[in-house]
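Have a look at the structure below, then the notes.
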Amino acid sequence: MTTTATPPAAGPEHTPERHASPERAAPPGRARVALRRFAGSPNAVVGAAVLLLLFLLAFAGPYLTPWNHTDIDYTALREGPSADHWWGTTRIGQDVYAQVLHGLRKSLLIGLLVALFATVLASVVGACAGYFGGWTDRLVTFFIDLLLVFPAFLIIAIVSPRLRDTGWLAFVGLLAVFGWMITARVVRSMTRSLKERDFVRAAELMGVHPLRIVFRHILPNVSSFLIVDATIAVGGAVMSETGLSYFGFGVQPPDVSLGTLIADGSDAALTYPWMFFFAAGLLVLFVLAVNFLGDGLRDALDPTSDRTPAQKRRRARRKGTRP
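In the working numbering, the protein residues as written are 1 to 323.
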């Protein structure tokens with residue numbers, strides 16, 4: 001009689017291991033990719049750091065000195081930098097440190113507000129013109145071309161003195177009115193391309209309201225361009241304010257901005273350099289930082305770029321070519 005061996009019962013220790021297939025890692029999100037690209041650009045990081053320091057200096061720096069921008073020290077007229085007046089004094093004894101920081105804060109506020117208003121206006125007008133087309137597009141395009149023909153600097157110089165009693169916010173409105181046209185034309189062109197996409201067509205077939213399509217589907221897809229453009233527009237608005245204030249058409253006394261301070265100190269730039277070079281130096285530093293930041297944001301938010309600037313340079317060095 002033969003005995004048939006019974007195989008042992010299958011248990012956990014006898015069950016063959018099943019190696020689960022490794023899961024594929026989820027691709028990084030868009031924000032993480034943009035942040036990685038931004039951090040890989042030294043110029044962008046430096047620009048962002050300088051801008052942060054300038055904002056801290058403009059809004060927190062005045063609290064470090066006992067002097068206000070309107071205070072006058074009659075015992076120190078055109079005095080150089082000292083322990084009492086860190087950046088010297090003006091021809092009538094006003095503290096240059098307090099005045100420059102107040103002027104920097106005013107110029108930054110004007111630049112930010114002008115860029116904000118102009119970008120919002122350009123995005124809405126350009127997207128509506130590009131999406132609706134027809135007579136809406138023709139009228140908007142004609143109006144934009146008409147504003148581009150007008151000499152903006154001359155018109156602002158003529159209108160600004162008549163708004164002198166209304167304060168600097170009216171000056172912000174004037175700069176914004178003449179600062180949105182180019183951006184609107186770009187947004188219009190991008191919208192004309194986006195409205196042919198499948199997701200826009202699907203929303204139209206579902207009966208979504210046209211304005212909802214513009215604000216929920218069109219504008220979010222041009223947000224990368226708007227962020228970069230608004231960043232650079234801040235620098236352009238500050239330069240416009242400085243130029244107009246330099247010629248007396250912008251911020252009016254007793255208020256000050258970088259433009260008025262540069263105008264007041266330009267006559268004494270060689271004999272009393274502290275009256276001119278602190279304001280001019282901060283203006284140059286601000287414009288350079290904005291340009292660096294704008295270039296970095298453009299590289300970070302560009303979906304066609306698959307490498308950071310640092311990665312491109314390393315890859316070019318390995319190939320023995322210039323980036």
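Virtual Cβ for every residue (Gly too), placed ideally from N, Cα, C. Here the structure is a predicted model, which means the values were calculated and not measured.
Residue i classed as buried or exposed, judged by whether at least 16 other C-beta atoms fall within 10 angstroms
i	result
T75	exposed
P62	buried
T2	With a pLDDT of 46 at T2, under the threshold of 50, the modelled position of this residue cannot be trusted; read the value that follows with caution. Exposed.
E241	buried
R197	exposed
G179	buried
L258	buried
G265	buried
H209	exposed
D145	exposed
S41	buried
I92	exposed
D299	buried
Three-way DSSP call (helix, strand, coil) for residue i in this model
i	result
Q99	helix
I72	strand
P66	coil
K106	helix
P323	Any reading at P323 needs caution, since the residue's pLDDT is 49, under 50, leaving its predicted position unreliable; the model's value is listed next. Of the three classes helix, strand and coil, the one that applies to P323 here is coil, per DSSP.
T166	helix
A118	helix
V228	helix
A233	helix
L78	It should be pointed out that residue 78 corresponds to Arg in this sequence rather than to Leu. In the structure shown, R78 sits in coil (DSSP, three-state: anything other than H, G, I, E or B).
H217	helix
F247	coil
A83	coil
V33	helix
M181	helix
G130	helix
F59	helix
M206	coil
G299	A quick correction: the sequence has Asp, not Gly, at residue 299. Three-state result, D299: helix.
For residue i: DSSP bridge partner residues
i	result
I144	Answer is none; I144 lacks a bridge partner.
T89	D95
Same chain only: Cβ atoms within 8 Å of residue i, ignoring 5 sequence neighbours per side
i	result
W87	P81, D95, V96, Y97, V100, W274 and F278
L54	L104, L108, L282, L285, F286 and A289
A263	S245, Y246, F247 and G248
Close beta carbons around residue i, own chain, < 7 Å, minus the five adjacent residues each side
i	result
V125	V140 and A184
V45	A39
G294	V228, T231 and I232
L112	V234
H217	F199, V200 and A203
Closest Cα partner of residue i within the set the options
i	options	result
A351	N68, H209, V284 and T90	Nothing can be reported for residue 351: it is not among the residues displayed for the chain, which extend from 1 to 323.
G133	F225, L194 and T166	L194
A115	I218, S160, A83 and G173	G173
A83	L301, I72 and P66	P66
G250	R36, L147, F117 and V159	V159
A325	H69, G130, R78 and M181	Outside the shown range of the chain (1 to 323) lies residue 325, about which nothing can therefore be said.
V50	L297, V186, I110 and F292	F292
M239	S223, N221, A280 and I213	A280
R192	S223, L147 and G130	G130
A58	H102, P254, N68 and F276	H102
V214	C128, L148, G243 and R188	C128
Contacting residues, own chain, Cβ-Cβ under 6 Å from residue i (five flanking each side not counted)
i	result
L163	A170
W168	V251
P22	For P22, the predicted structure reports a pLDDT of 47, less than 50, and the residue's modelled location is therefore unreliable. The matter cannot be settled from this model.
A152	F178
Y272	R78
Near the ligand NAP: residue i beta-carbon under 7 Å from a heavy atom
i	result
D95	This structure does not include the ligand NAP; it has no bound ligands of any sort.
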